[in-house]
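Just remember that our numbering sits 1146 ahead of the position in the sequence shown, which is counted from 1.
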Amino acid sequence: MQELGEPAYRARQIFAALHSRRLQSFDAITELPKELRAALGKRATASTLTLESRYVSEDGTRRYLLKTHDGLPVETVFIPEERRDTICFSSQSGCPLQCSFCLTAQLGLLRSLSAGEIVEQVVIALNDAYGVATETPHGTNLVGMGAGEPFLAFESLMKALRVMADPAGMHIVPGRVTVSTAGIVPRIRELATISDRPHLAVSLAAPTDELRDQLMPINKKWPLQELLGACKEFEKSLKPGERFTFEYVMLDGVNDSEDHARQLANLLNRHQLRAKVNLIPHNPAAPLPYLPSTPMAVEKFQAILEAKGIPAFVRRPRGRDIYAACGQLAARGSENVATSMGSSNAAP
Ligand code: SF4
1147 MQELGEPAYR ARQIFAALHS RRLQSFDAIT ELPKELRAAL GKRATASTLT LESRYVSEDG
1207 TRRYLLKTHD GLPVETVFIP EERRDTICFS SQSGCPLQCS FCLTAQLGLL RSLSAGEIVE
1267 QVVIALNDAY GVATETPHGT NLVGMGAGEP FLAFESLMKA LRVMADPAGM HIVPGRVTVS
1327 TAGIVPRIRE LATISDRPHL AVSLAAPTDE LRDQLMPINK KWPLQELLGA CKEFEKSLKP
1387 GERFTFEYVM LDGVNDSEDH ARQLANLLNR HQLRAKVNLI PHNPAAPLPY LPSTPMAVEK
1447 FQAILEAKGI PAFVRRPRGR DIYAACGQLA ARGSENVATS MGSSNAAP
């Protein structure tokens, strides 16, 4: 605004229009003089993602397939819940890590997203659910668990979270944000030093290095001992009542035996970690060779963890039918969606 010879309050006006009212074009900011809107349009863009398709699940979950200005896929999931909604955003287009149970891995890394592209995913999901220019609902949660490894897009991620936390904008504070990592150890240590940091979840998937090397090859770089050492370090930054989470995807006959449960409990207890474990039954994602664990196996696994003093929860899958669930984001189009195609906005 300074460069354009405009007073400072114009900048605040524009920030509020784009982030509090979630307008997606300068032209829609009608309180600005026409000439200023035109000048802005010449030097910047208010939105860069385009909506390719929108899918609505039987359970109300919505998946958005978006495209960046350079034609790359981005996926975002909106999960309505009784008292609050959760928006799952992506931090990269594709992902360079090769977790064997995840469809996104098959895309490889296309590129990391910018802070603007992360924020805009949330804007698009909120506008679709509540309408443009409505107040952002109190209590919306964000999870950085979509496509990509958030800690490999660390600067964009932190910038986006700060923009979204601004009280003059969406005001989604870091305490309502959880970011999940496959285990980028230096970033876990760095996150611990940041005062306005989000909550942390670490995807484990296996209780031994031997198995984790196969399921999550990043383990070869930062094996369990180092990863849990960093988690222990991170624990010092937890606020009263805060715990961090280990995510454990459950693959039938691969990592879901009673032995695995005991090994996992012993591993966490050895490191004396104040953490909880989310058990996530694998979501079928052909052509991946895995099946979800049986409900009985999940129940037994949970009981063993609990008996050894580890709080364990079973995550209910959401949006499986539209490929919106964990590990299923691979820019799939409508041809792969079996049921419940989206509403009027959905692509054919
Ligand atoms: S699970 Fe996460 S980190 Fe692993 S390949 Fe998939 S998107 Fe990447």
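Glycine included, every Cβ here is placed at the ideal spot set by N, Cα and C. What you are looking at is a predicted structure, and each value in this text was computed from that prediction instead of being measured.
Can you tell me where the beta strand (DSSP E) holding residue i begins and where it ends?
i	result
S1236	Where S1236 is concerned, there is no enclosing beta strand (DSSP E), given that its DSSP letter is neither H nor E.
R1229	Here R1229 belongs to no beta strand (DSSP E), and DSSP marks it neither H nor E.
A1421	1421-1427
H1345	1345-1349
S1199	1196-1202
S1439	It is not in any beta strand (DSSP E) - S1439 carries neither H nor E in the DSSP assignment.
L1212	1208-1213
S1258	1255-1258
State the DSSP-derived secondary structure class of residue i, mapped to helix, strand or coil.
i	result
R1322	helix
K1385	coil
S1302	helix
R1462	coil
E1452	helix
A1162	helix
R1183	helix
G1240	strand
R1167	coil
E1379	helix
F1172	helix
L1307	helix
P1283	coil
V1483	Any reading at V1483 must be qualified, since the residue scores a pLDDT of 47, below 50, and its modelled position is unreliable; no value is offered.
Y1394	strand
E1372	helix
L1288	strand
T1191	coil
P1296	helix
F1447	helix
P1153	coil
G1488	Low per-residue confidence applies at G1488: pLDDT is 29, beneath 50, and the placement is therefore not dependable, though the value from the model is reported in the following sentence. Note: G1488 maps to coil in three-state DSSP.
A1493	Confidence in A1493 is poor, its pLDDT being 28 and thus under 50, which makes the residue's placement unreliable; the coordinate value appears in the next sentence. DSSP places A1493 in coil when its eight states are reduced to three.
Flag this pair as yes or no: are the beta carbons of residue i and residue j separated by less than 8 Å?
i	j	result
Q1238	A1185	no
A1347	F1380	no
L1451	V1423	yes
A1192	S1166	no
A1306	I1264	yes
A1376	R1343	no
A1261	S1302	yes
T1250	C1241	yes
L1413	A1458	no
F1309	G1315	It should be pointed out that residue 1309 corresponds to Val in this sequence rather than to Phe. In this structure, G1315 lies closer than 8 Å to V1309 by Cβ.
L1357	L1419	no
L1361	C1245	yes
A1351	V1395	yes
L1410	P1363	no
K1541	E1393	The structure shown does not extend to residue 1541, since the chain is modelled only from 1147 to 1494, so the question has no answer here.
F1235	V1278	no
Starting from residue i, follow the alpha helix (DSSP H) in both directions and report where the run begins and ends.
i	result
I1364	1364-1367
N1401	From DSSP, N1401 is part of no alpha helix (DSSP H); its letter is neither H nor E.
V1268	1261-1276
A1338	1331-1338
R1358	1355-1361
Return yes when the C-beta of residue i is under 7 Å from any heavy atom of the ligand SF4, and no when it is not.
i	result
Q1159	no
Q1418	no
L1243	yes
S1499	What the structure shows of the chain is the stretch from 1147 to 1494, and residue 1499 is not part of that stretch, so it cannot be assessed.
T1250	yes
G1294	yes
A1328	yes
Quiz prompt | Meets three-Cβ-pair contact criterion under 8 Å: the segment 1393-1413 and the segment 1278-1286 | solution = Because the criterion of three Cβ pairs below 8 Å is not met, the segment 1393-1413 and the segment 1278-1286 do not touch.
Exercise. Pair every Cβ in the segment 1210-1224 with every Cβ in the segment 1195-1202, then say whether three or more of these pairs are closer than 8 Å.
Key: Yes, the segment 1210-1224 is in contact with the segment 1195-1202.
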